[in-house]
Amino acid sequence: MTDEGGFYAVVPAGGSGTRLWPLSRAGRPKFLHHLTGSDRTLLQATIDRLAPFAPAERTYVVTGVAHAAGVSRQLPALPTDNILVEPSPRDSCAAIGLAAMVIARRDPDAIMGSFAADHLVRFTERFHSSVRQAIDAARAGYLTTIGITPTEPETGYGYLRCTETLDGGPAKLVGEFKEKPSHEVAVEYVESGKYLWNAGMFVWSVRAFLAELARQQPELHDGLSRVVDAWDSPQREEAIGEIWPTLPKISVDYAVMEGAARAGRVATVPGSFGWTDVGDFHTLGVVLPMDDDGNVVVRGEERGGEVLAIDAHDTVVVPRSGRLVAALGVHDLVVVDTNDAVLVCPRNRAQDVKKLVDRLKERGERELI
1 MTDEGGFYAV VPAGGSGTRL WPLSRAGRPK FLHHLTGSDR TLLQATIDRL APFAPAERTY
61 VVTGVAHAAG VSRQLPALPT DNILVEPSPR DSCAAIGLAA MVIARRDPDA IMGSFAADHL
121 VRFTERFHSS VRQAIDAARA GYLTTIGITP TEPETGYGYL RCTETLDGGP AKLVGEFKEK
181 PSHEVAVEYV ESGKYLWNAG MFVWSVRAFL AELARQQPEL HDGLSRVVDA WDSPQREEAI
241 GEIWPTLPKI SVDYAVMEGA ARAGRVATVP GSFGWTDVGD FHTLGVVLPM DDDGNVVVRG
301 EERGGEVLAI DAHDTVVVPR SGRLVAALGV HDLVVVDTND AVLVCPRNRA QDVKKLVDRL
361 KERGERELI
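According to full-length UniProt numbering, the sequence shown holds residues 1 to 369 in order.
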């Protein structure tokens, strides 16, 4: 595949992945971990997928202060100036808007794609095909998403309601962004054939996106403009420190995409490439290879441990302490063993692991989160 001239890749790398505790921590979140059985972390795999479209010099990562060093270590080919460091989290619109403005200073006609650092894609060539289609729609002036063709009535994702097909397809106009639905509503969405999962993958011209940001979020646009005006000057750090904490904390969906959809300016390209957002340990048990009993062992680059399972099935084991993890006569469990914490829970409660992190915060046990 040839390099897509004029295309810039942006990878927001934030959050702490609390549903993957105790493996994912504030100082080492899930995108810095090996979770797929390969020798690449989620972040590295994301950069690898985008490399045919954007070489290292046209790839940017937006991350927090606590993670900048880890990102730099894992991506040694990335220019230092291409790691954009947020002094504090202001949600996705500030992060993506900052990257768009930095890119626009370099190339006002650039096409930019934003892809989260912690997603899993199983079929890379299909993903590449969807990105090329999204680039075409972006060049036609649309703020474009890559929506995922639903495989089930999932309640953990937002949805995109599609309307008319554009220029013979595959791109479609997005009529509305929908919040995470109840199971009953999700069934209706999937059966209608008019909805896609909102995977948070965006492709647009920086000119079109920044125009919408200025129209809908003038305060955020103005603040980011003042930061970027100082970008190549000695006042950069002072400007970021002073202005960044004042920026509105809002997601790009709420801030820009929903309003742009109402104005008929959002397109989507359906994608079917084995996508998941790796949101919890149950999901890993679905997407990773399993043994004959349905058990999944999630190994990483750090010191692991032996797993001994007898009469156990459909259980996810994450051995990261070096100890033996033994499972006897159990099923549908998650077992995570790290140096300082052990998690055991039913797989159907994997989404609730965040509650444990919240309780640890309440108890002031910051060293464990």
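For glycine and all other residues, C-beta sits at the position ideal for the given N, C-alpha and C.
In the DSSP assignment, find the unbroken alpha helix (DSSP H) run with residue 139 in it and report its ends. Walking along the sequence shown from the start, residue 139 turns up at place 139. That run of the alpha helix (DSSP H) goes 124 to 139.
Within a Cβ cutoff of 8 Å, which residues of the same chain sit near residue 261, ignoring the five residues on either side of it in sequence? The sequence position of residue 261 within the sequence shown is 261, counting from 1. Cβ within range, chain order: 174, 175, 176 and 177.
For residue 160, name the three-state secondary structure that DSSP assigns. Start at 1 with the first residue of the sequence shown, and residue 160 comes out as number 160. Here residue 160 sits in strand by DSSP.
Excluding the 5 residues flanking residue 102 on each side, which residues of the same chain have their C-beta closer than 8 Å to its C-beta? As a first step, residue 102 is located in the sequence shown; it is residue number 102 there, counting from the start. 60, 84, 228 and 231, listed in sequence order.
Cβ contact check for the stretch 87 to 97 and the stretch 216 to 223: 3 or more pairs under 8 Å: yes
Is the beta carbon of residue 341 closer than 8 Å to that of residue 368? In the sequence shown, counting from the first residue as 1, residue 368 sits at position 368. In the sequence shown, counting from the first residue as 1, residue 341 sits at position 341. Yes, the Cβ-Cβ distance between residue 368 and residue 341 is below 8 Å.
Quick check on the DSSP output: the alpha helix (DSSP H) that includes residue 326 runs from which residue to which? For the purposes of this step, residue 326 is taken as residue 326 along the sequence shown, with counting starting at 1. Not the alpha helix (DSSP H): residue 326 falls in the beta strand (DSSP E), residues 325 to 328.
Assigned secondary structure, residue 310 (DSSP; H/G/I helix, E/B strand, else coil): Locating residue 310 in the sequence shown gives position 310, where the first residue counts as 1. Correct three-state label for residue 310: strand.
If residue 266 and residue 145 are in contact, beta carbons under 8 Å, what's the gap, nearest whole angstrom? On the sequence shown, residue 266 is found 266 positions in, with the first residue counted as 1. On the sequence shown, residue 145 is found 145 positions in, with the first residue counted as 1. The C-beta separation of residue 266 from residue 145 comes to about 7 Å, placing the pair in contact by the 8 Å criterion.
Boundaries (first-last residue) of the beta strand (DSSP E) holding residue 205: Counted from its first residue, the sequence shown places residue 205 at position 205. In the DSSP assignment, residue 205 falls within the unbroken beta strand (DSSP E) covering 195 to 205.
Helix, strand or coil for residue 257 per DSSP? Mapped onto the sequence shown, residue 257 falls at position 257. Shown here, residue 257 sits in a helix according to DSSP, grouped into three states.
Spatial distance of residue 335 from residue 161 (CA atoms): Position 335 of the sequence shown, counted from the first residue, corresponds to residue 335. Position 161 of the sequence shown, counted from the first residue, corresponds to residue 161. For residue 335 and residue 161, the distance between alpha carbons rounds to 38 Å.
Residue 112 versus residue 75: straight-line alpha-carbon distance, rounded: Walking along the sequence shown from the start, residue 112 turns up at place 112. Walking along the sequence shown from the start, residue 75 turns up at place 75. In a straight line, the C-alpha of residue 112 is about 20 Å away from that of residue 75.
Please look up how many angstroms separate the CB atoms of residue 330 and residue 343, rounded, as I've assumed it's under 8 Å. What you label residue 330 is simply residue 330 of the sequence shown in a count that begins at 1. What you label residue 343 is simply residue 343 of the sequence shown in a count that begins at 1. Not really, about 14 Å apart at Cβ, beyond 8 Å.
Buried or exposed: where does residue 151 fall if 16 or more other Cβ atoms within 10 Å of its Cβ makes it buried? Here the question's residue 151 lines up with position 151 in the sequence shown. Under this definition residue 151 is an exposed residue.
For residue 300, which residues in the same chain have their Cβ closer than 7 Å to its Cβ, ignoring the five residues on either side in sequence? Within the sequence shown, residue 300 is the residue found at index 300, counting from 1. So the qualifying residues of the chain are 33, 34 and 320.
Taking contact to mean 3 or more Cβ pairs, one atom from each stretch, closer than 8 Å, check whether the stretch 15 to 23 and the stretch 353 to 364 are in contact. yes
Exposed unless 16 or more other CB atoms sit within 10 angstroms - verdict on residue 2: Here residue 2 refers to the residue found at position 2 of the sequence shown. Any answer about residue 2 is weak, because its pLDDT of 49 lies below 50 and its placement is not dependable; what the coordinates show is given next. Exposed: under 16 other Cβ atoms inside 10 Å.
Determine the closest residue to residue 264 out of 108, 165 and 281, with distance taken between C-alpha atoms. Mapped onto the sequence shown, residue 264 falls at position 264. For residue 264, the nearest C-alpha among the options comes from 165.
Buried or exposed (CB count within 10 angstroms, at least 16 for buried), residue 77: Position 77 of the sequence shown holds residue 77. So residue 77 ends up on the exposed side.
For the beta strand (DSSP E) containing residue 115, name the first residue and the last one. Residue numbering aside, residue 115 sits at position 115 when the sequence shown is read from its first letter. Run containing residue 115: none; DSSP gives neither H nor E here.
From what residue to what residue does the alpha helix (DSSP H) around residue 281 run? Taking the first residue of the sequence shown as 1, we reach residue 281 at position 281. Taken as a continuous stretch (DSSP letters only), the alpha helix (DSSP H) holding residue 281 covers 281 to 287.
Residue 258 versus residue 200: straight-line alpha-carbon distance, rounded: Locating residue 258 in the sequence shown gives position 258, counting from the first residue. Locating residue 200 in the sequence shown gives position 200, counting from the first residue. Looking at the two C-alpha atoms, the distance is approximately 13 Å.
I'd like the list of long-range same chain contacts for residue 304, defined as Cβ closer than 8 Å, with 5 residues on each side in sequence excluded. To locate residue 304, count along the sequence shown from 1; it is residue 304. Around residue 304: 319, 320 and 322.
Assuming contact is defined by CB atoms lying nearer than 8 Å, are residue 115 and residue 41 in contact in what I supplied? Walking along the sequence shown from the start, residue 115 turns up at place 115. Walking along the sequence shown from the start, residue 41 turns up at place 41. Going by C-beta atoms, residue 115 is not nearer than 8 Å to residue 41.
Thinking C-beta only, is residue 119 closer than 8 Å to residue 52? As a working note, residue 52 is residue 52 in the sequence shown. As a working note, residue 119 is residue 119 in the sequence shown. No.
In three-state DSSP terms, what is residue 43? Sequence index remark: in the sequence shown, residue 43 carries index 43 (1-based). Per DSSP, reduced to three states, the secondary structure at residue 43 is helical.
Three-way DSSP call (helix, strand, coil) for residue 7 in this model: For the purposes of this step, residue 7 is identified with residue 7 of the sequence shown, where counting begins at 1. Three-state DSSP puts residue 7 in a strand.
Could you give the first and the last residue of the continuous alpha helix (DSSP H) run that contains residue 373? Nothing can be reported for residue 373: it is not among the residues displayed for the chain, which extend from 1 to 369.
Can you check DSSP and say which residues form a bridge with residue 337? As a first step, residue 337 must be located in the sequence shown, where it is residue number 337. For residue 337, which the question treats as bridged, DSSP gives the partners 319 and 342.
Whole runs of the beta strand (DSSP E) within the stretch 62 to 94, excluding any shorter than 3 residues: 83 to 86
Once the 5 residues before and after residue 62 are set aside, which same chain residues still bring their CB inside 6 Å of it? Within the sequence shown, the letter at position 62 stands for residue 62. For residue 62, where only same-chain residues beyond five positions count, the Cβ hits under 6 Å are 12, 84, 95 and 99.
I'd like the ranges of any alpha helix (DSSP H) spanning at least 4 consecutive residues and lying wholly in the stretch 217 to 241. 218 to 229
Under the DSSP definition of a beta bridge, which residues are partnered with residue 143? Start at 1 with the first residue of the sequence shown, and residue 143 comes out as number 143. Bridge partners of residue 143: 266.
For the candidate residues 362, 158, 64 and 225, whose alpha-carbon lies nearest to that of residue 247? Taking the first residue of the sequence shown as position 1, residue 247 is located at position 247. Nearest of 362, 158, 64 and 225 to residue 247, Cα basis: 225.
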